[in-house]
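Peer 1: The structure is given below, and queries will be raised subsequently.
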Amino acid sequence: MAKLVIVESPNKVRSIQAYLGDDYVVDSSVGHIRDLPRGADQVPEKYKGKAWARLGVDIENGFEPVYVVSAEKKPQITKLKKLLKEADELVLATDEDREGEAIAWHLLDELKPKVPVKRIVFNEITKEAIQRAIANPRDVDMDLVDAQETRRILDRLYGYEVSPVLWKKVMSGLSAGRVQSVATRLVVERERERMAFTAASYWDLEATFDAGEGHEPRLFGAKLAALDGKRVANGSHFDNEGRLKGKGDVAHLDEEKARALAAALEGRDFTVRSVESKPYTRRPYAPFRTTTLQQEASRKFGFGAQRTMSVAQRLYEGGFITYMRTDSVTLSQTAIAAARAQVKELYGDAYLPEEPRVYTGKVKNAQEAHEAIRPAGESFRTPRQTGLSGDELRLYELIWKRTVASQMRDAQGDQVTIRIGARTSGGEDVVFQSSGRTITFHGFLKAYVESSEDPDAADDDQQTKLPVLAEGDHVTATDLEAAGHQTKPPARYTEASLIKELEEREIGRPSTYASIVNTIQNRGYVYKKGTALVPAWIAFSVVRLMERHFGRLIQYDFTAELEDVLDEISHGREDRVAVLQSFWAGEGEGNTGLKRLVDNLPDIDAREIATFEIGEGIHLRVGRYGPYLEGPPMVTGKDGTQQPTRANVPEDLPPDELTVEKAKELLANPAGMERELGTHPETGRVIVVKNGRYGPYVTEVLPEDAPKSEKPRTASLFSSMSPDTVTLEDAVKLLTLPRVVGTDTDGQEITAQNGRYGPYLKKGTDSRSLDSEEQLFTLTEEQARAIYAQPKTFGRRSAKPPLKELGEDPVSGKPIVAKDGRFGPYVTDGEYNATLRKDDDIETLTHERAVELLAERRAKGPAKKGAKKTTKKTAAKKSTAKKTTTKKTSTKSAAKKP
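Printed below as a string of structure tokens:
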């Protein structure tokens, strides 16, 4: 009989099966096999009617959870039970974090094996790692299981008790979450800071000096640093309200003063007053952990956290990197040896430090996998050796470079600061300062340079060379310019910086950050503008309610403390029931439990929660269909009473840009407000222009006796038109749309239409975009047929011409061409595509190299297609399967080694 090995992901099965051989059968749980009930229909019949049933947690008896095997997971459980009957041993090989440990226990509890059980863990999918894990089994760690289960119950209690309050007082369909709500609060608070921000103006002088012949470089720049012994104000000298800090020590220049100084320095003598030189040393960055990988992938590639983790998951399952959910920056001795060997091979002995570098993490209670993210194996493959392409290649190369660089020597150089002084014609003393850096030994920077969130920040390998000068040397000012500046509001969070902030506040864990960032966007609390995270007005309402009525639950320190408590449970130092009881019922004055908060909620004014003052009598309200403004002037309503003017707020307008001036502009042309254009020459009906939720449009006014089923004709204004200037003639023309252009060769009618996303042609279900709105009226039947004769591009532009022709492929006999694709240049023979490696260059690419790339790609076989679709269909057919339920017993049993 064989031994049954169960892993989490089906993507691991094939490679692990190959490493273990025929004595083992490897299958997967396909993630979690069971969870708390997701709705009332999943609550087992025997628990229905109990006060706690909707929670799926028996709060009256030790917070015991009720677990349900969902319909879609039951077929997999049946399969695993069948395989277990034919096995003489069960090996639980789920991931080594808390989630993986919990899945292992759930499998144990659900399968109820009668054969010996082993628990194994590994942090890379290589033959050596798998065989080492098999040789070193352990028990299921019940402390880790308890920690995961406690987290799950906390999240369930929080979400199921607080979310209904949001439904009643803000908007239906909203959700609250233990970490999700705190993350939303961070984004909202940053926007509040931006809204309250007052810009300050300050000026300085920028100079170009000539060091004279024989100096390299001869010309160099400098900025005014001091005036009569006082530092010249820069952006750091102002607070967020535009006030100058430390007024007595700082000289604040305005435009007039700066220009006067520049004029008073014309023709004056400038002398070097000091030259300060000190050594520059930059140590390598630590290897990646989950959050730093997410941040750097965002900065370098623009990847969102979820995309980074999806790519990393594929790399891990493919055996290319170690486990990607980790708090640790530690490298194993094997990894250190591999990295040092590669440093010596690729860069030489000069770049290899005498002793290996050892990194220790600063993350409190690091509890996930116990090694940094690095290339897998006892020796590292270079990116070219992996055969990867696209996102996988880019992320692997990033991880590989960072790991290798972490075992290289420091970068070294010199930092020089030159201070140059002069006196103005009015006797004022001025000092200019110039700073430079030269790198004399690049060290680890030869392999890897980290990116920065700040676009104005200098990269670590950036050099600024200054001339060699000595105190007392004279220089000449070739240019003096007065330069004005304004302070900037705090930058909005990006996905990367929000994750960094959460980690620094010790909120959440690496395995949760990607889903948190995704959730707050999917719930509509936050949206992206470029890479910046912008809070929607609905988020302001939610955070306001939470701050007033669930203040403790949304405090940063409280959320971080809960993470500490979960860590204590994972180490066996805290009791899970006591923790849950404290969270639910509270203890003492300072600890108000969740139940007490919900049961004693005061009467909440929903309108007040959703109302925000803009200024000058204008208010923003968060309505059922989005945010809108109310304010002057007063208008007569349908019931004859005086009512404030209303105007919809564009969904993509960031809150900090909704100034009083912008609000007045929107109220001057509100949604629903109409302007009569005249009478239609053919129908005799009145035509009006209106401003709607999706922009301005023209429509006809139906007579009072019109049938209820009749709808008025409407047409959106072209992008070149304005509600203030559109004419009756324009409106009549617009109302002819959609226009029948003619018929295609197959007899189907073609119409020209104007949609929300621009002008297009429609033939049956086949639509094609047009280049301009004017084509809606000018396009002929012949031109329309020509458009439909072309293959559909599905939003992409027509195929680009080849970058280079490289001759015939010796295998396929077809011509090889180089093309520019979505993920960069590649070569193709029409059957196989091979992405160019980083070191390949289109200009120097040879026929031989192209043949080599295609041969590597061909060796992998054709791309598999259709597997996912088949799986989905199979799951759908079995969706009616019955659910299996389990109420977890108070005493859990762990797997024991035989």
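The working numbering numbers the first residue of the sequence shown as 371 and each following residue consecutively.
Idealized CB from N, CA, C, for every residue including glycine.
Nothing here was measured: the structure is a model prediction, and the numbers come from that model.
(1) Please report the Cβ distance between G1183 and H1217, rounded to the nearest whole angstrom; I am assuming they are in contact, meaning their Cβ atoms lie under 8 Å.
(2) Give me the DSSP bridge partner(s) of D574.
(3) Pick helix, strand or coil for E1218, following the three-state DSSP scheme.
(4) In chain order, what residues of the same chain have a beta carbon less than 6 Å from the beta carbon of L663, not counting five sequence neighbours either side?
(5) Comparing C-alpha positions only, which one of A503, S385, R893 and K482 sits nearest to G547?
(6) Would you mind reading off the limits of the beta strand (DSSP E) that contains K1132?
(7) Taking only three categories from DSSP, how would you classify A902?
(8) For the beta strand (DSSP E) holding D1269, just list the boundary residues, first then last.
(9) D1179 by DSSP, collapsed to three states: which one?
(10) What would DSSP say about Y530, mapped onto helix, strand or coil?
(11) Using the Cβ count rule (16 or more neighbours within 10 Å means buried), how would you classify N1124?
(12) Is it true that the CB of L390 sits closer than 8 Å to the CB of V375?
(13) Within 10 angstroms of the Cβ of M679, are there 16 or more other Cβ atoms? Answer buried if so, exposed if not.
(14) What residues in its chain sit with their C-beta under 7 Å from that of K1242, if we drop five residues either side in the sequence?
(15) I'd like the ranges of any beta strand (DSSP E) spanning at least 3 consecutive residues and lying wholly in the region 645 to 717.
(16) Which of helix, strand or coil does DSSP assign to P1040?
(17) Sorted by chain position, which residues of the same chain lie with C-beta nearer than 7 Å to T496's C-beta, five sequence neighbours on each side aside?
(18) In this structure, what does DSSP give as the bridge partners for S804?
(19) Helix or strand or just coil, what does DSSP make of M1004?
(20) Using DSSP with H/G/I as helix, E/B as strand and the rest coil, what is F579?
(21) Who are E871's beta bridge partners in DSSP?
(22) Using beta-carbon positions only, say whether F802 and L594 come within less than 8 Å of one another.
(23) Below 8 Å on the Cβ atoms is my contact criterion, and I expect A847 with F640 to pass it. Report the Cβ-Cβ distance as a whole number of Å.
(24) Using a Cβ-Cβ cut-off of 6 Å (strictly less than) and excluding sequence neighbours within five positions of R1227, which residues of its own chain qualify?
(25) May I have the straight-line CA-CA distance separating R922 from P407, to the nearest angstrom?
(26) Can you tell me which of the three DSSP states V515 falls into?
(27) Answer with buried or exposed for Y1067, where buried requires no fewer than 16 other C-beta atoms within 10 angstroms of its C-beta.
(28) Assign D975 to buried or exposed, taking buried as 16 or more other Cβ atoms, counted over all protein chains shown, within 10 Å of its Cβ.
(29) Going by beta-carbon coordinates alone, are L950 and T520 separated by less than 8 Å?
(30) How big is the Cα-Cα spacing for A1237 and V383?
(31) Is it right to say L614 is buried, meaning 16 or more other beta carbons lie within 10 angstroms of its own, or is it exposed?
(32) Can you confirm whether the region 537 to 555 touches the region 909 to 920 when touching is taken to mean that 3 or more C-beta pairs between the two stretches lie within less than 8 Å?
(33) Report buried or exposed for H476, applying the criterion of at least 16 other Cβ atoms within 10 angstroms of its Cβ.
(34) Can you look up K488 in the DSSP assignment and give me helix, strand or coil?
(35) Please determine, among T787, Y721 and D973, the residue with the shortest C-alpha to C-alpha distance to V777.
(36) Using three-state DSSP, classify N888 as helix, strand or coil.
Peer 2: According to the structure data:
(1) For the purposes of this step, residue 1183 is taken as the residue at position 813 of the sequence shown. For the purposes of this step, residue 1217 is taken as the residue at position 847 of the sequence shown. Rounded, the Cβ-Cβ distance is 14 Å, inconsistent with contact.
(2) Within the sequence shown, residue 574 is the residue found at index 204, counting from 1. Per DSSP, A853.
(3) To locate residue 1218, count along the sequence shown from 1; it is residue 848. E1218: helix per DSSP, three-state reduction.
(4) Taking the first residue of the sequence shown as 1, we reach residue 663 at position 293. The residues are I743.
(5) Within the sequence shown, residue 547 is the residue found at index 177, counting from 1. Of A503, S385, R893 and K482, the residue nearest in Cα terms is R893.
(6) The sequence position of residue 1132 within the sequence shown is 762, counting from 1. Counting along the chain, the beta strand (DSSP E) containing K1132 begins and ends at G1128 to K1133.
(7) As a working mapping, residue 902 is identified with position 532 in the sequence shown. It is a strand residue.
(8) A question about residue 1269 goes unanswered here, because the residues of the chain that appear run from 371 up to 1268.
(9) Locating residue 1179 in the sequence shown gives position 809, counting from the first residue. In the structure shown, D1179 sits in coil (DSSP, three-state: anything other than H, G, I, E or B).
(10) As a first step, residue 530 is located in the sequence shown; it is residue number 160 there, counting from the start. Y530 falls in the helix class under three-state DSSP.
(11) Along the sequence shown, one-based indexing puts residue 1124 at 754. Its Cβ being crowded by 16 or more others within 10 Å, N1124 is buried.
(12) Here residue 375 corresponds to residue number 5 of the sequence shown, with the count starting at 1. Here residue 390 corresponds to residue number 20 of the sequence shown, with the count starting at 1. Yes, the Cβ-Cβ distance between V375 and L390 is below 8 Å.
(13) Within the sequence shown, residue 679 is the residue found at index 309, counting from 1. Buried.
(14) As a working mapping, residue 1242 is identified with position 872 in the sequence shown. Any reading at K1242 needs caution, since the residue's pLDDT is 36, under 50, leaving its predicted position unreliable; the model's value is listed next. Around K1242: no qualifying Cβ.
(15) Within the region 645 to 717, not a single complete beta strand (DSSP E) segment reaches 3 residues in length.
(16) In the sequence shown, counting from the first residue as 1, residue 1040 sits at position 670. It is coil, neither helix nor strand.
(17) For the purposes of this step, residue 496 is identified with residue 126 of the sequence shown, where counting begins at 1. For T496, the CB contacts under 7 Å within the same chain, skipping 5 residues up- and downstream, are G689, A746 and G747 in chain order.
(18) Here residue 804 is taken as the residue at index 434 of the sequence shown, counted from 1. According to DSSP, S804 bridges with I788.
(19) Position 634 of the sequence shown, counted from the start, is the residue given in the question as residue 1004. Strand, per DSSP.
(20) Against the sequence shown, residue 579 aligns to sequence position 209. In the structure shown, F579 sits in a strand (DSSP, three-state: E or B).
(21) What you label residue 871 is simply residue 501 of the sequence shown in a count that begins at 1. According to DSSP, E871 bridges with nothing at all.
(22) As a first step, residue 802 is located in the sequence shown; it is residue number 432 there, counting from the start. As a first step, residue 594 is located in the sequence shown; it is residue number 224 there, counting from the start. For F802 and L594, yes; Cβs fall inside 8 Å.
(23) Against the sequence shown, residue 847 aligns to sequence position 477. Against the sequence shown, residue 640 aligns to sequence position 270. Going by Cβ atoms, the distance from A847 to F640 rounds to 6 Å, so yes, they are a contact pair.
(24) Counted from its first residue, the sequence shown places residue 1227 at position 857. For R1227, where only same-chain residues beyond five positions count, the Cβ hits under 6 Å are Y1202 and A1204.
(25) For this step, residue 922 is matched to residue 552 along the sequence shown. For this step, residue 407 is matched to residue 37 along the sequence shown. The alpha-carbon atoms of R922 and P407 are separated by roughly 27 Å.
(26) Translated into positions along the sequence shown, residue 515 becomes position 145. In this structure, V515 counts as helix in the three-state DSSP scheme.
(27) Within the sequence shown, numbered from 1, the residue matching residue 1067 stands at position 697. With 16 or more Cβ atoms within 10 Å of its Cβ, Y1067 is classed as buried.
(28) Numbered from its first residue, the sequence shown carries residue 975 at position 605. Classification for D975: exposed.
(29) To locate residue 950, count along the sequence shown from 1; it is residue 580. To locate residue 520, count along the sequence shown from 1; it is residue 150. Cβ distance < 8 Å, so L950 and T520 count as in contact.
(30) If you number the sequence shown from 1, residue 1237 lands on position 867. If you number the sequence shown from 1, residue 383 lands on position 13. In this prediction, A1237 has a pLDDT of 38, which is less than 50 and means its spatial position is unreliable; what the coordinates show is noted afterwards. Taking the straight line joining both Cα atoms gives about 16 Å.
(31) As a first step, residue 614 must be located in the sequence shown, where it is residue number 244. So L614 counts as exposed.
(32) yes
(33) Taking the sequence shown and counting its residues from 1, one reaches residue 476 at position 106. With 16 or more other Cβ atoms within 10 Å, it is buried.
(34) Residue mapping note: residue 488 aligns to position 118 of the sequence shown, counting from 1. It is a strand residue.
(35) Residue mapping note: residue 777 aligns to position 407 of the sequence shown, counting from 1. A small fix is needed here, since residue 777 is Gln in this sequence, not Val. When each option's Cα is compared against that of Q777, the closest is Y721.
(36) Translated into positions along the sequence shown, residue 888 becomes position 518. In this structure, N888 counts as helix in the three-state DSSP scheme.
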